[in-house]
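Novice: The structure that follows is given in the form of structure tokens.
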Amino acid sequence: MTKTSPATIAKAPLSNRFTGAHMLISALEAQGVEVVFGYPGGAIMPVYDALPGSKLTHILTRHEQGASFAADAYARVSGRPGVCLATSGPGGTNLVTGLANAFMDSVPVVAITGQVARPLIGTDAFQEVDIFGITLPIVKHSFIIDDPDKIGEIVAEAFAIAQSGRPGPVLIDLPKDVAAAIMTPTPTPVAQKEALPILIRDDYEHAEHLIREARRPLLYVGGGVGISGAVPALRNFIARTGIPVVATLKGLGAVPTDAPEFLGMLGMHGSRAANLAVQNCDLLITCGARFDDRATGRLTGFAPNARVLHLDGDPAEIGKLRAADHALPGNLTYALNALHPGILSIDTWQGECSHDRVTHAARYDAPGDKVFAPALLKTLSERAGDDLIVTCDVGQHQMWAAQHCRFVRPEAHLTSGGLGAMGYGIPAGIGALYAEPDATVITVTGDGSIMMNIQELATLKRYGLPLKIVLLDNQALGMVRQWQELFFAGNYSEIDLSDNPDFAALARVFGLEAMTITTRAEVPGAIDWLLSCKGPALMHVHIDPAANVWPLVPPGADNHDMMEER
Amino acid sequence: MIRHIEISLESQHGALLRVLGTIERRGWVVRAMDMDSQGNDAQTLRLKIERSRHHSGSFDTLTRHVTKLFCVRQIGVSTTQTDECAIVETSASPHAHMAAVATGAPA
Chain A
1182 MTKTSPATIA
1192 KAPLSNRFTG
1202 AHMLISALEA
1212 QGVEVVFGYP
1222 GGAIMPVYDA
1232 LPGSKLTHIL
1242 TRHEQGASFA
1252 ADAYARVSGR
1262 PGVCLATSGP
1272 GGTNLVTGLA
1282 NAFMDSVPVV
1292 AITGQVARPL
1302 IGTDAFQEVD
1312 IFGITLPIVK
1322 HSFIIDDPDK
1332 IGEIVAEAFA
1342 IAQSGRPGPV
1352 LIDLPKDVAA
1362 AIMTPTPTPV
1372 AQKEALPILI
1382 RDDYEHAEHL
1392 IREARRPLLY
1402 VGGGVGISGA
1412 VPALRNFIAR
1422 TGIPVVATLK
1432 GLGAVPTDAP
1442 EFLGMLGMHG
1452 SRAANLAVQN
1462 CDLLITCGAR
1472 FDDRATGRLT
1482 GFAPNARVLH
1492 LDGDPAEIGK
1502 LRAADHALPG
1512 NLTYALNALH
1522 PGILSIDTWQ
1532 GECSHDRVTH
1542 AARYDAPGDK
1552 VFAPALLKTL
1562 SERAGDDLIV
1572 TCDVGQHQMW
1582 AAQHCRFVRP
1592 EAHLTSGGLG
1602 AMGYGIPAGI
1612 GALYAEPDAT
1622 VITVTGDGSI
1632 MMNIQELATL
1642 KRYGLPLKIV
1652 LLDNQALGMV
1662 RQWQELFFAG
1672 NYSEIDLSDN
1682 PDFAALARVF
1692 GLEAMTITTR
1702 AEVPGAIDWL
1712 LSCKGPALMH
1722 VHIDPAANVW
1732 PLVPPGADNH
1742 DMMEER
Chain B
3 MIRHIEISLE
13 SQHGALLRVL
23 GTIERRGWVV
33 RAMDMDSQGN
43 DAQTLRLKIE
53 RSRHHSGSFD
63 TLTRHVTKLF
73 CVRQIGVSTT
83 QTDECAIVET
93 SASPHAHMAA
103 VATGAPA
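See below:
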């Protein structure tokens, strides 16, 4: 990977005087920031003037949304806050989807926006929008810096807030005159993460009692496990107890998908084994999950016979949608390590779960010679190895990746879970490659999603990023088409994409290597080719336009009422 | 269901909007409010709120979401569901130490 440092593409700063912008850069350096993703413009120009010569590597995306998604993915993989920069007005509004994505999926992102100068705020000045107000519902916190002397303090606080407790995005809006103000450098405090509470022994004893009493306990694992670094504690707990596991979309990888206790993803496109286990369990040990509607189906029919033991870092999630019989809010690692319920009598239950896992395992022997996307993704992920990171867009391909790829760690699966934002995949691949340059990073996308941020192919070329893109092309907005087929009497409305461009040719124009396949026989060679590419590459795969994602829990149904392939 | 809530807020940009927005987005309607200052750096906000008829979220869940806001210092709630404003239960925000973090003091 070639990293183009800002110093090589920009001239020296116009002024050697220390400004608010220099203070901002210094404060970012003090927080350990190495990479920022951004796009310059009028109100943020003092910051870009201060960038050359700093320790920060700036990655110029081709759209601010790309910068926000890249920062999000960088944070998910590195475990450190991702940083994005944009100017005022449209620069800020273009960050909004990325901030909402980080908010919904609890990702620590610090977004810095330029703002018009303080005297112009409220005058409808050129490129003035109230980005502070626009983003209030989708940030964990936000600041407007009205005093250059507060820059260091606010940056430190923003990083502390973004990382503490349940992580999330923080916005810093920086007026241009504050950034341009001449000031004296001051030391910047370093952010410290707020520690989550640790409960007393009595709380754990009651939880252990519930687990011992259960004959059909089940772990329901969400994204909170990976976010809080509780993966080793979870795996140790499973090794001690043998309790079967299901995971949400964001919980995938917390337990290796090929572990014997793992029954698959639950919910709308979950595996039959996972959904049956949820419906039949008598204790649901909810671990860093939030009873999202895509996971639960009809809430009142979800795990109908189960008590709930809820472990979560965010107390506000306890009892929000499903009452907990007992809760352990606080540090997940501590809680999982503290739970020692002893020998459990769950042999029969384990046998049932294992039987369902085998009996209802996905099949990869679909008839015909068209490319079968689930089989392709399964083989590709197995071939890529343990350092694989898959970044997804949103749609059918996203669900196929979740169902069929092999994941051995949470960072291996980056997906827009809560927001469901098409366009996430390629910029997320960029962010992942900066967080873990030696990983094999593969973006799985569709012909609808790729067009949402296709301009970032230019970013891949510019920085020589070896992102491997698998484009599953069904010439339609496939998930919408599937729902129109199943739930809207086949009234296909505005889903046709049969006039797509030649994606391989388009990728080559951007400077990527590219190939197109149309038949199943071509898959092994195409996978070999993709994995051997040293630079950015796109594998354009024509799939059956009628292919659907199975199983499917219809909206409003219970999770055991799954529709299967006809 | 009418509930009363009293919130001690940091005097910072957007604090009032942040609290009111959280309450409304979580399915509650503000029926009455008043606010006064507690000096230069804090404000007290008193609200009479009612759950939207299309929403079933609990009052406890709402107060936990409000408590999470970084501009909230302390929250008091009435224990009754009547029109009487009797604030008897209070909890401090878990974020009271954040200023110390920002100035480099031990958390």
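Just so you know, the sequences run in chain order A and B.
In terms of the working numbering, the first sequence opens at residue 1182 and continues consecutively.
In terms of the working numbering, the second sequence opens at residue 3 and continues consecutively.
Built from N, CA and C at the ideal position, the CB exists for glycine as well.
Quantities reported herein were computed from a predicted structural model and do not represent experimental measurements.
Are the beta-carbon atoms of Arg48 (chain B) and Glu12 (chain B) separated by less than 8 Å?
Specialist: no
Novice: DSSP puts Tyr1401 (chain A) in a beta bridge; with which residues?
Specialist: A:Val1427, A:Thr1467
Novice: Starting from the beta carbon of Gly23 (chain B), find every residue of chain A whose beta carbon is closer than 9 Å, and list them in chain order.
Specialist: Leu1317, Pro1318
Novice: Could you please give the first and the last residue of the uninterrupted alpha helix (DSSP H) stretch that includes Lys1357 (chain A)?
Specialist: 1357-1361
Novice: Comparing the C-beta of His57 (chain B) with each C-beta of chain A, is any distance below 8 Å?
Specialist: no
Novice: Please check the pair Leu1658 (chain A) and Ile1676 (chain A), which I expect to be a contact at CB under 8 Å, by giving their CB distance rounded to whole angstroms.
Specialist: Contact flag correct, Cβ pair sits at about 4 Å.
Novice: List, in chain order, every chain B residue whose beta-carbon is nearer than 9 Å to that of Pro1736 (chain A).
Specialist: The premise fails here: Pro1736 (chain A) is roughly 18 Å from chain B at the closest Cβ pair, so nothing lies under 9 Å.
Novice: Do the segment 1466-1483 of chain A and the segment 1392-1411 of chain A make contact, defined as three or more Cβ pairs closer than 8 Å?
Specialist: yes
Novice: When you compare the CB of Leu49 (chain B) with every CB in chain A, is at least one pair closer than 8 Å?
Specialist: no
Novice: Run the CB neighbour count on Gly1201 (chain A), radius 10 Å, all protein chains shown included, and call it buried at 16 or more, exposed below.
Specialist: buried
Novice: Could you work out which residue in A:His1239, A:Thr1477, A:Ala1639, A:Arg1662 is closest to Ala1688 (chain A) when comparing CA atoms only?
Specialist: A:Ala1639
Novice: For Val1552 (chain A) versus Ile1724 (chain A), is the C-beta spacing smaller than 8 Å?
Specialist: The beta carbons of Val1552 (chain A) and Ile1724 (chain A) sit closer together than 8 Å.
Novice: How about Gly1494 (chain A): is its C-beta nearer than 8 Å to some C-beta of chain B?
Specialist: no
Novice: Counting C-beta neighbours from all protein chains within 10 Å, is the total for Asp1542 (chain A) 16 or more, i.e. buried, or is it exposed?
Specialist: First, the amino acid is wrong: residue 1542 (chain A) is Ala here, not Asp. Answer is exposed; the Cβ neighbour count stays below 16.
Novice: One question on the structure: do Ala1256 (chain A) and Pro1289 (chain A) come within less than 8 Å of each other, judged by their Cβ atoms?
Specialist: yes
Novice: If you count every other CB in all the chains shown that lies within 10 Å of the CB of Ser1249 (chain A), and 16 or more means buried, which is it?
Specialist: buried
Novice: Considering only residues of the same chain and omitting the five flanking positions on each side of Met35 (chain B), which have a CB-CB separation below 6 Å?
Specialist: The residues are Leu49.
Novice: Against chain B, which members of the segment 1489-1518 of chain A pass a CB distance test of less than 7 Å?
Specialist: Here the close residues are Pro1496, Ala1497, Gly1500, Lys1501.
Novice: Can you find at least 3 beta carbon pairs, one from the segment 1616-1628 of chain A and one from the segment 1646-1664 of chain A, that sit closer than 8 Å?
Specialist: Touching, yes.
Novice: Write down every uninterrupted run of the beta strand (DSSP E) in the segment 1261-1317 of chain A whose length is 3 residues or greater and which is fully enclosed by it, in chain order.
Specialist: 1263-1267, 1290-1296
Novice: Please report the distance separating the alpha-carbon of His1450 (chain A) from that of Thr1572 (chain A).
Specialist: Rounded to the nearest angstrom, the two C-alpha atoms are 18 Å apart.
Novice: Mind checking the segment 23-37 of chain B against chain A and listing, in chain order, the residues whose C-beta falls within less than 7 Å of any C-beta there?
Specialist: When C-beta distances to chain A are compared with 7 Å, the residues of the segment 23-37 of chain B below that value are Gly23, Arg27, in chain order.
Novice: Nearest-angstrom Cα distance between Gln40 (chain B) and Ala1211 (chain A)?
Specialist: 35 Å
Novice: Assuming Met1580 (chain A) contacts Val1730 (chain A) (C-beta within less than 8 Å), just tell me the rounded distance between them.
Specialist: 5 Å
Novice: Let me confirm a value: Thr1624 (chain A) is counted as buried when at least 16 other C-beta atoms fall within 10 Å, else exposed. Which label applies?
Specialist: buried
Novice: Would you mind working out which of A:Ala1504, A:Thr1238, A:Ile1408 sits nearest Ala1343 (chain A), comparing C-alpha positions?
Specialist: A:Ile1408
Novice: Step through the CB atoms of chain B and report whether any lies within less than 8 Å of the CB of His1322 (chain A).
Specialist: At least one CB of chain B lies nearer than 8 Å to the CB of His1322 (chain A).
Novice: Under the rule that 16 or more other beta-carbon atoms within 10 Å means buried, what is His1585 (chain A), buried or exposed?
Specialist: buried
Novice: How is Pro1496 (chain A) classed by DSSP in three states: helix, strand or coil?
Specialist: In this structure, Pro1496 (chain A) counts as helix in the three-state DSSP scheme.
Novice: Could you check how far apart the C-beta atoms of Thr1316 (chain A) and Leu1355 (chain A) are, in whole angstroms? I think they sit under 8 Å.
Specialist: Between Leu1355 (chain A) and Thr1316 (chain A) the Cβ distance is about 14 Å, and since that is not below 8 Å, they are no contact.
Novice: Closer than 6 Å by C-beta to Ser1713 (chain A): which residues in its own chain qualify, once you throw out the five before and the five after it? Chain order, please.
Specialist: none
Novice: Whose Cβ in chain A lies nearer than 8 Å to the Cβ of Asp62 (chain B)?
Specialist: Contact annotation for Asp62 (chain B) against chain A: Gly1500 [CB-CB distance below 8 Å, chain order].
Novice: Quick one: is Phe1313 (chain A) near chain B, going by C-beta distance under 8 Å?
Specialist: yes
Novice: So what's Gly1659 (chain A) in DSSP terms, helix, strand or just coil?
Specialist: helix
Novice: Checking contacts by CB at 8 Å: is Arg53 (chain B) closer than that to chain E?
Specialist: No chain E appears in the structure shown, which is made up of the protein chains A and B.
Novice: I need the DSSP call for Ile9 (chain B), collapsed to helix, strand or coil.
Specialist: Three-state result, Ile9 (chain B): strand.
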